[in-house]
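Residue numbers (my numbering), protein chains in the order written: chain X, -5 to 105; chain D, 36 to 149.
Notes to accompany the following structure.
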Amino acid sequence: TQLLEQSPQFLSIQEGENLTVYCNSSSVFSSLQWYRQEPGEGPVLLVTVVTGGEVKKLKRLTFQFGDARKDSSLHITAAQPGDTGLYLCAGDRGATNKLIFGTGTLLAVQP
Amino acid sequence: KAGVTQTPRYLIKTRGQQVTLSCSPISGHRSVSWYQQTPGQGLQFLFEYFSETQRNKGNFPGRFSGRQFSNSRSEMNVSTLELGDSALYLCASSWSGQANEKLFFGSGTQLSVL
């Protein structure tokens, strides 16, 4: 059973378009992290959200944690080819470094 | 500062063999965790070590084991390999392993079981 479902699974867009990736669960998480993974590399942390309703911005990326701490979204404005990669959300339920990863969203931004 | 180093980068084994993967964490990091990544199951937690003690374990069979040395370096071992063990094995380190602490991942070891 996958606790964290991401949608969409795949996304192919043109440079300059906006997009939103969703991460949903029926479980409550203490915090939620977003990672980006490029081919042949390990995931790299983008952001951690901790408080329900929290919004964090990282340049053109906006992350939101749901009020009930069960879901999160990642919005990218004016996507660039450098944004291409696998986006993963990961939740923790308080246990040390035992992250539960989402199913992943593979994003391709065409120039 | 050097990142998390995993060796080897690629490995090909046959069914029934055993394999040992190595992970050197970032200097000063005492927590090392291991994850298995496959196209079908995504990233799944294997186990986490801190100060040479396993603190957390995921839902994997006993064929998967690990250990951590006094210098925080960690190894994981898979015995009696099965075809389904083919995956990218990722190691991640952090200072203390506290929940929501920043994790630094290595580039992984790609294991192929034939």
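For every residue, glycine included, the Cβ atom is placed at its ideal position computed from N, Cα and C.
Counted as a single uninterrupted DSSP element, the beta strand (DSSP E) harbouring X/GLN58 occupies residues 55 to 59.
Its Cα nearest to that of X/CYS83, the residue X/VAL15 stands out among X/GLU48, X/GLU11 and X/VAL15. Residues of chain X with a Cβ closer than 8 Å to the Cβ of D/LEU146 do not exist; the shortest Cβ-Cβ separation is about 14 Å. D/LEU123 is bridged by DSSP to D/GLN72 and D/GLN145. Separation of the CB atoms of X/SER25 and X/VAL49 is rounded to 14 Å, and the pair is thereby denied contact status at 8 Å. Taken atom to atom, the span from the alpha-carbon of X/LYS64 to that of X/SER1 is near 15 Å. Taking D/LEU149 as the centre and dropping the five residues before and after it, the same chain places the C-beta of THR49 closer than 6 Å to its C-beta, in chain order. When the alpha-carbon of X/ASN18 is set against those of X/ALA73, X/PRO75 and X/PHE59, the nearest one is in X/PHE59. Going by C-alpha positions, D/PHE95 is about 14 Å away from D/SER121. In this structure, X/LEU13 and X/ILE7 form a Cβ contact; the two beta carbons are roughly 6 Å apart against a cut-off of 8 Å.
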